[in-house]
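Next up, the structure:
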């Protein structure tokens, strides 16, 4: 009779992460182990002593290993694999890239992603250099009437499994000097005094 000996080489993988299953410790005291049959708990199967597999959804899966010896005898063992959700990735950009005071600045989080699900919410928090903060939501938001200074924009995204990720970026707003380009009024040349003959 074969003795099964199955294990997996990552105790708590994330979704889409490759897991190596190891049945090499299976043995047969009066012969040899001829075959290994794996059932991964998500409807897929594989053969071999050390197959690899990945799960597309988080959750707990029961993995069955059935070994068969050279006499046709079989034995099955079961173990659970807890697959964790893969967190989302927060990412945003803003325009204009070099804002001035009074500009309408658009923040766009469409570059955020979740490889194993969807992003359910976008939360923005803008903090100025005095510590005051302003919060809003949405994939794309616009800030207006900001004065010159340094601001920190923080984006928090939450996926459909309630996992989160955050991105922060410092935004420097320069003063708008477009109204100060005129002459000071002293730029004309003084007339030459007449010469005495």
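In this note's numbering, the protein residues as written are 20 to 216.
Think of the CB as a built atom: it goes at the ideal place given N, C-alpha and C, for glycine as much as any other residue.
Distance between residue j and residue i (C-alpha atoms, nearest Å)
{"i": "residue 56", "j": "residue 45", "result": "12 Å"}
{"i": "residue 116", "j": "residue 122", "result": "11 Å"}
{"i": "residue 156", "j": "residue 149", "result": "22 Å"}
{"i": "residue 304", "j": "residue 176", "result": "Only positions 20 to 216 of the chain appear in this structure, which leaves residue 304 out of reach."}
{"i": "residue 136", "j": "residue 181", "result": "11 Å"}
{"i": "residue 70", "j": "residue 52", "result": "16 Å"}
{"i": "residue 167", "j": "residue 35", "result": "45 Å"}
{"i": "residue 8", "j": "residue 133", "result": "The first residue shown for the chain is 20 and the last is 216, placing residue 8 beyond what the model contains."}
{"i": "residue 114", "j": "residue 31", "result": "41 Å"}
{"i": "residue 140", "j": "residue 75", "result": "22 Å"}
{"i": "residue 165", "j": "residue 33", "result": "42 Å"}
{"i": "residue 92", "j": "residue 37", "result": "31 Å"}
{"i": "residue 48", "j": "residue 67", "result": "20 Å"}
{"i": "residue 118", "j": "residue 142", "result": "22 Å"}
{"i": "residue 190", "j": "residue 111", "result": "12 Å"}
{"i": "residue 192", "j": "residue 41", "result": "57 Å"}
{"i": "residue 125", "j": "residue 95", "result": "59 Å"}
{"i": "residue 183", "j": "residue 138", "result": "9 Å"}
{"i": "residue 107", "j": "residue 58", "result": "29 Å"}
For residue i, three-class secondary structure by DSSP
{"i": "residue 46", "result": "strand"}
{"i": "residue 67", "result": "coil"}
{"i": "residue 167", "result": "coil"}
{"i": "residue 97", "result": "strand"}
{"i": "residue 109", "result": "coil"}
{"i": "residue 20", "result": "Residue placement at residue 20 cannot be trusted, given a pLDDT of 45 that sits under 50; what the coordinates show is reported in the next sentence. The answer is coil: DSSP assigns residue 20 none of H, G, I, E or B."}
{"i": "residue 83", "result": "strand"}
{"i": "residue 73", "result": "coil"}
{"i": "residue 134", "result": "coil"}
{"i": "residue 219", "result": "What the structure shows of the chain is the stretch from 20 to 216, and residue 219 is not part of that stretch, so it cannot be assessed."}
{"i": "residue 120", "result": "coil"}
{"i": "residue 1", "result": "The question about residue 1 has no answer here: the residues shown for the chain are numbered 20 through 216."}
Residue i, buried or exposed, once every other Cβ within 10 Å from all chains shown has been counted against 16
{"i": "residue 43", "result": "exposed"}
{"i": "residue 105", "result": "buried"}
{"i": "residue 131", "result": "buried"}
{"i": "residue 178", "result": "buried"}
{"i": "residue 60", "result": "buried"}
{"i": "residue 203", "result": "In this predicted model, residue 203 has a pLDDT of only 47, less than 50, meaning its place in the structure is not dependable enough to derive any value."}
{"i": "residue 39", "result": "exposed"}
{"i": "residue 89", "result": "exposed"}
{"i": "residue 196", "result": "exposed"}
Integer-rounded CB distance, given that residue j should sit under 8 Å from residue i
{"i": "residue 77", "j": "residue 97", "result": "The pair is not a contact, with the Cβ atoms about 20 Å apart (cut-off 8 Å)."}
{"i": "residue 109", "j": "residue 159", "result": "That pair is no contact at about 14 Å."}
{"i": "residue 146", "j": "residue 152", "result": "4 Å"}
{"i": "residue 63", "j": "residue 72", "result": "7 Å"}
{"i": "residue 87", "j": "residue 54", "result": "5 Å"}
Subject >> Any 3 or more C-beta pairs closer than 8 Å across the stretch 82-101 and the stretch 156-174 >> reply: Contact between the stretch 82-101 and the stretch 156-174 is absent: fewer than three C-beta pairs spanning the two stretches fall below 8 Å.
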